[in-house]
Amino acid sequence: MAGKTLKIASIPGDGTGPEVTAEAMKVLQAVASLDNIVYDVEPLDWGGERYLKTGEIIPEGGLDLLRSKDAIFLGAIGHPDVAPGILEKGLLLDLRFKLDQYINLRPVKLLPGVETPLAGRGPADIDFVVVRENTEDLYCGVGGYLKKGTPDEVAVQQAVYTRKGCERCIRWAFEYTQKRNSPKKMLTLVAKTNVLTYGHDLWWRTFQEVAKEYPDVKTDYNHVDACCMWMVKNPDFYDVIVTTNMFGDIITDLGGILQGGMGVAAGGNLNPDAGGVSMFEPMGGSAPKYTGQNVINPIAAINAMAMLLEHSGYPTAGKRIDKAVAQVTGTKMKSQAAGKMGYGTREVGDLVVAALS
Ligand code: IPM
Ligand code: MN
Numbered sequence: 012m013a014g015k016t017l018k019i020a021s022i023p024g025d026g027t028g029p030e031v032t033a034e035a036m037k038v039l040q041a042v043a044s045l046d047n048i049v050y051d052v053e054p055l056d057w058g059g060e061r062y063l064k065t066g067e068i069i070p071e072g073g074l075d076l077l078r079s080k081d082a083i084f085l086g087a088i089g090h091p092d093v094a095p096g097i098l099e100k101g102l103l104l105d106l107r108f109k110l111d112q113y114i115n116l117r118p119v120k121l122l123p124g125v126e127t128p129l130a131g132r133g134p135a136d137i138d139f140v141v142v143r144e145n146t147e148d149l150y151c152g153v154g155g156y157l158k159k160g161t162p163d164e165v166a167v168q169q170a171v172y173t174r175k176g177c178e179r180c181i182r183w184a185f186e187y188t189q190k191r192n193s194p195k196k197m198l199t200l201v202a203k204t205n206v207l208t209y210g211h212d213l214w215w216r217t218f219q220e221v222a223k224e225y226p227d228v229k230t231d232y233n234h235v236d237a238c239c240m241w242m243v244k245n246p247d248f249y250d251v252i253v254t255t256n257m258f259g260d261i262i263t264d265l266g267g268i269l270q271g272g273m274g275v276a277a278g279g280n281l282n283p284d285a286g287g288v289s290m291f292e293p294m295g296g297s298a299p300k301y302t303g304q305n306v307i308n309p310i311a312a313i314n315a316m317a318m319l320l321e322h323s324g325y326p327t328a329g330k331r332i333d334k335a336v337a338q339v340t341g342t343k344m345k346s347q348a349a350g351k352m353g354y355g356t357r358e359v360g361d362l363v364v365a366a367l368s
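Residue numbering for the sequence shown follows our numbering, starting at 12 and increasing by one per position.
Shown next as structure tokens:
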């Protein structure tokens, strides 16, 4: 990628978002000089504060600005003075939908030195990836009320699944499993075909059909409830999971805690199509109570930056960060919990930078 400028839009957002974003940017700067990456970061002040001041979430022209970038880095959204749902819908979900980021890629990898709540399990047992569909299902906002506010109130919230939507996600997951090329080389569909006999039947049939194009990838199916049990009992069973938006949301919080919690879990909202713009984020929220105290864990944000580089054409830099992070968690940090790391937020960022070269 020599000669090219990597153009990043940065939305640090609310609460501790700016603090963890600053550490991710510090690591980017260091890795860029080691790997000769020319980049440019445009910071955007979108989030709760701006919304409270202006009433605006995504300002006019904002989407086009993002479309002109190579990638987006998102710190965290969620503000104590803004009602739940407004920023989530108006910023995070809106960007996922309008930029058609139809893959939510969430690695579940236990790093060395990181504590998992699963007794007797270590990094060799917990290393799988969830591919979550990111634009359909219960998230599409289709529904309504009848007789709202009366004792006869009816609320309908519909799950929408399309052939195109599930097929592109499933196909991407097969490609990803093939490229990941782990000894298991197995893609597990997680759904609920025994109850969601229309929508998840569509997923099931599509999965079977697309599987024929990838004879070297083993396939498996789990109902989502059983999957939760297996993730705890036998996490080593999984290689790649592909699942619907709502179930993917739920099982990736379970996955997040298996890998040490929200201090380390990161994800990418990918639009893998030509010209698509993807967005990378630590999975944790804005953690308002820790704001400004230099106690929040920046590792998830740094992991998100590694994913950004990996998926923007700089895999060497991404892997370099992964290695440095594993060294820091494995040899330095006491815990991944806010305030218990044995270091402050900025010091953890410095440790990762020092471990890069
Ligand atoms: C996530 C979050 C979001 C989701 C919320 C904040 C809308 O939980 O990224 O997993 O449900 O997708
Ligand atoms: Mn979630």
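No residue lacks a Cβ here, since even glycine has one placed at the ideal position from N, Cα and C.
Separation of residue j from residue i, as counted between CA atoms
| i | j | result |
| --- | --- | --- |
| Gln338 | Ser289 | 28 Å |
| Lys100 | Ala130 | 37 Å |
| Met344 | Tyr50 | 30 Å |
| Gly176 | Leu362 | 41 Å |
| Asn280 | Pro162 | 40 Å |
| Ile97 | Lys80 | 25 Å |
| Pro134 | Lys334 | 14 Å |
| Gly266 | Ile332 | 21 Å |
| Met294 | Lys15 | 29 Å |
| Trp57 | Thr255 | 28 Å |
| Ala87 | Ile69 | 15 Å |
| Tyr325 | Ala35 | 16 Å |
| Ile310 | Phe139 | 19 Å |
| Lys120 | Thr208 | 32 Å |
| Ser368 | Val153 | 50 Å |
| Glu71 | Asn282 | 22 Å |
| Arg117 | Ala20 | 21 Å |
| Val52 | Tyr232 | 42 Å |
| Leu157 | Cys239 | 35 Å |
| Val165 | Tyr225 | 45 Å |
| Val93 | Thr204 | 37 Å |
| Ile137 | Gly259 | 17 Å |
| Met352 | Phe248 | 30 Å |
| Thr65 | Gly59 | 10 Å |
| Leu149 | Gln169 | 6 Å |
| Arg132 | His234 | 24 Å |
| Arg200 | Asp212 | One detail in the question is off: residue 200 reads as Leu in this sequence, not Arg. Approximately 12 Å between the Cα atoms of the pair. |
| Asp284 | Gly360 | 33 Å |
| Cys180 | Asp236 | 21 Å |
| Arg61 | Leu45 | 36 Å |
| Thr173 | Thr230 | 22 Å |
Residue i CB to nearest heavy atom of the ligand IPM below 8 Å
| i | result |
| --- | --- |
| Glu99 | yes |
| Leu104 | yes |
| Asp260 | yes |
| Met316 | no |
| Tyr113 | no |
| Tyr325 | no |
| Met294 | yes |
| Tyr150 | yes |
| Gly278 | yes |
Residues of its chain near residue i, where Cβ-Cβ distance is below 6 Å and the 5 sequence neighbours each way are ignored
| i | result |
| --- | --- |
| Leu320 | Ala328 and Gly329 |
| Gly124 | Thr340 and Gly341 |
| Pro91 | Pro299 |
| Trp214 | Cys177 and Ala202 |
| Ile22 | Leu55, Trp57 and Leu85 |
| Gly272 | Gln347 |
| Ala366 | Ala335, Gln338 and Val339 |
| Val171 | Glu147, Cys151 and Val153 |
| Val275 | Ile310, Ala311 and Gln347 |
Residues near residue i in its chain [Cβ-Cβ closer than 8 Å; skip 5 each side]
| i | result |
| --- | --- |
| Phe291 | Ala82, Ile83, Phe84, Leu85, Ala277, Gly278, Gly279, Asn280, Ala315, Met316, Met318, Leu319 and His322 |
| Pro128 | Ile268 and Leu269 |
| Val228 | Phe185, Thr188, Gln189, Lys196, Met197, Leu198 and Ala222 |
| Asp250 | Phe139, Val140, Thr188, Arg191, Ser193, Lys195, Lys196, Met197, Leu198 and Thr199 |
| Leu63 | His90, Asp92 and Val93 |
Contact set for residue i: own chain, Cβ-Cβ below 7 Å, skip 5 residues either direction
| i | result |
| --- | --- |
| Asn145 | Arg107, Gln112, Tyr113, Ile114, Asn115, Asn256 and Asn280 |
| Glu178 | Thr217 and Val221 |
| Val364 | Lys37, Val38 and Ala41 |
| Leu103 | Ile88 |
| Val141 | Arg117, Val119, Ile252, Thr254, Gly259, Ile262, Thr263 and Gly266 |
Cβ of residue i within 9 Å of any chain C Cβ
| i | result |
| --- | --- |
| Tyr325 | This model lacks chain C altogether, as it is built from one protein chain only. |
beta-carbon residue i near the ligand MN non-hydrogen atom, thresh 8 Å
| i | result |
| --- | --- |
| Thr342 | no |
Any non-hydrogen atom of the ligand NAD closer than 8 Å to residue i Cβ
| i | result |
| --- | --- |
| Asp264 | Ligands in the displayed structure: the ligand IPM and the ligand MN; the ligand NAD is not one of them. |
**Every unbroken beta strand (DSSP E) within the segment 237–283, with a cutoff of 3 residues, ordered by chain** = 251–254 and 277–281
**Prompt:** Along the chain, which unbroken stretches of the beta strand (DSSP E) at least 3 residues long are found entirely within the segment 143–212?
**Reply:** If only complete runs of 3 or more residues are kept, the segment 143–212 shows the beta strand (DSSP E) at 148–157, 165–171 and 197–202, in order along the chain.
**Request:** Would you check if the segment 295–302 and the segment 24–33 touch, i.e. whether three or more CB-CB distances between them fall below 8 Å?
**Result:** yes
**Item:** Cβ contact check for the segment 107–121 and the segment 206–226: 3 or more pairs under 8 Å
**Value:** By the Cβ test, the segment 107–121 is not in contact with the segment 206–226, since fewer than three Cβ pairs between them sit closer than 8 Å.
**Asked** Looking at C-beta atoms only, is the number of pairs between the segment 60–80 and the segment 236–246 that lie closer than 8 Å three or more?
**Response** No: fewer than three Cβ pairs fall under 8 Å.
**Asked** Where are the alpha helix (DSSP H) runs, 4 residues long or more, that stay fully inside the segment 79–113, in chain order?
**Response** 105–109
**Message:** At 4 residues or longer, what runs of the alpha helix (DSSP H) sit wholly inside the segment 291–351?
**Reply:** 310–322 and 326–342
**Message:** Please give the ranges of any alpha helix (DSSP H) in the segment 16–68, keeping only runs that are unbroken, at least 4 residues long and fully inside the region.
**Reply:** 28–46 and 59–65
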